[in-house]
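Heads up, the sequence shown is in this note's numbering, so the first residue is 615 and it goes up one at a time. Where is the CB? At the ideal position from N, CA and C, for every residue including glycine. The model shown is predicted, which means the values in this text are computed figures rather than measured ones. Down below is the structure, laid out as structure tokens.
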Amino acid sequence: DILGRLIWGARTTLQAALLPVSISIGGGVILGTISAYFGGWVDTVMMRICDIFLSLPMLIIVIVIAPLVGNDLYTVLVIYGVLFIPFNVRFMRSLVLQAKQNDYVRAAISSGADKFRVMFKHIFPNTISPIIISFFGAMGVTVLGLAGLAFIGLGDPDVANWGADILYARGHFETPGASLWPGFFIGIATIGFILIGDGLRDALDPRLHI
């Protein structure tokens, strides 16, 4: 039943996208904040590590590593999330460096406030809006990426998701809807998350409300 698999696949696909995005953004927020705030050799080492990861084709690495550790769905999701942390480290680092230039942050640092207090009370709240926007954009891209991984056979074959539905339906040309509808909903979900991110960017940008 195509409708039943679409409904169940929506649940699986959206939940599956949430885990790697949470891992990549959570790790990026923590490491990016530490890198930008402390600077010096800490920042240099972390940025060079990120440069190494960013020079590699991440999806290909996921495709290579996943069969070696087992095609369990959650294993693939964790690998996917961890490998994309460097992208968010750089993004968060740029946000923190920008926030550090604010006068009240400089005043807090000059007054001798605890580093972690300055980091999480004065700097981090100013980065929440871009993080939220990035989260929804990453959700859209991840839905598309995970569908591609499922289509080439990575992940648990017993778990219904839209990418796997297209894989199983490709040999049944007499029922084109079996592959057409999952592809349609992958596109809708991807575009929908990206549009939510764009809408939040406009809603949360104070410069657009002057």
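In terms of alpha-carbon separation, which member of Pro634, Tyr782, Phe750 and Ala817 lies closest to Ile616?
Tyr782
At which residue ranges does the region 729-768 contain complete alpha helix (DSSP H) runs of 4 or more residues, listed in the order of the chain?
742-765
Below 8 Å, can you find three or more Cβ-Cβ pairs linking the region 657-664 to the region 802-809?
no
Per DSSP, what kind of secondary structure is Gln712 in: helix, strand or coil?
Three-state result, Gln712: helix.
Among Leu697, Phe799, Val710 and Ile745, whose alpha-carbon lies nearest the alpha-carbon of Ile666?
Answer by Cα proximity: Leu697.
In the structure shown, what three-state DSSP assignment does Ser793 receive?
helix
Which stretch, first to last residue, makes up the alpha helix (DSSP H) that contains Pro634?
Ile616 to Phe652
Express the C-alpha separation of Phe705 and Ser725 in angstroms, rounding to a whole number.
28 Å
Between the Cα of Ile800 and the Cα atoms of Gln715, Leu814, Tyr718 and Ala761, which residue gives the shortest distance?
Measuring from the Cα of Ile800, the nearest candidate turns out to be Ala761.
Between Asp779, Ala713 and Val757, which has its C-alpha nearest Phe734's C-alpha?
Ala713
Work out the CA separation of Pro634 and Thr756 for me, nearest whole Å.
8 Å
Would you tell me roughly how many angstroms separate the C-alpha atoms of Arg625 and Pro790, rounded to the nearest one?
Rounded to whole angstroms, Arg625 to Pro790 spans 22 Å at the Cα level.
Whose C-beta lies closer than 8 Å to the C-beta of Leu620 among residues of the same chain, with five residues either side of it excluded?
Listed in chain order, the non-local C-beta contacts of Leu620 below 8 Å within the same chain comprise Trp776, Asp779, Trp795, Pro796 and Phe799, local neighbours out to five positions each way being set aside.
Assign Leu691 to one of two classes, buried (16 or more other C-beta atoms within 10 Å of its C-beta) or exposed (fewer than that).
buried
With 16 other CB atoms within 10 Å as the buried threshold, where does Ser793 fall?
Buried: at least 16 other Cβ atoms inside 10 Å.
By how many angstroms is the C-alpha of Glu788 removed from the C-alpha of Ser636?
Ser636 and Glu788 have their C-alpha atoms spaced approximately 39 Å apart.
Does the beta carbon of Arg815 sit closer than 8 Å to a beta carbon anywhere in chain C?
Looking for chain C here will not work: only one protein chain is present.
Could you check the C-alpha separation between Ile663 and Ile737 for me, to the nearest Å?
24 Å
Determine the direct distance from the alpha carbon of Ile693 to that of Thr804, and round the result to whole angstroms.
21 Å
For Gly695, which three-state DSSP category applies?
helix
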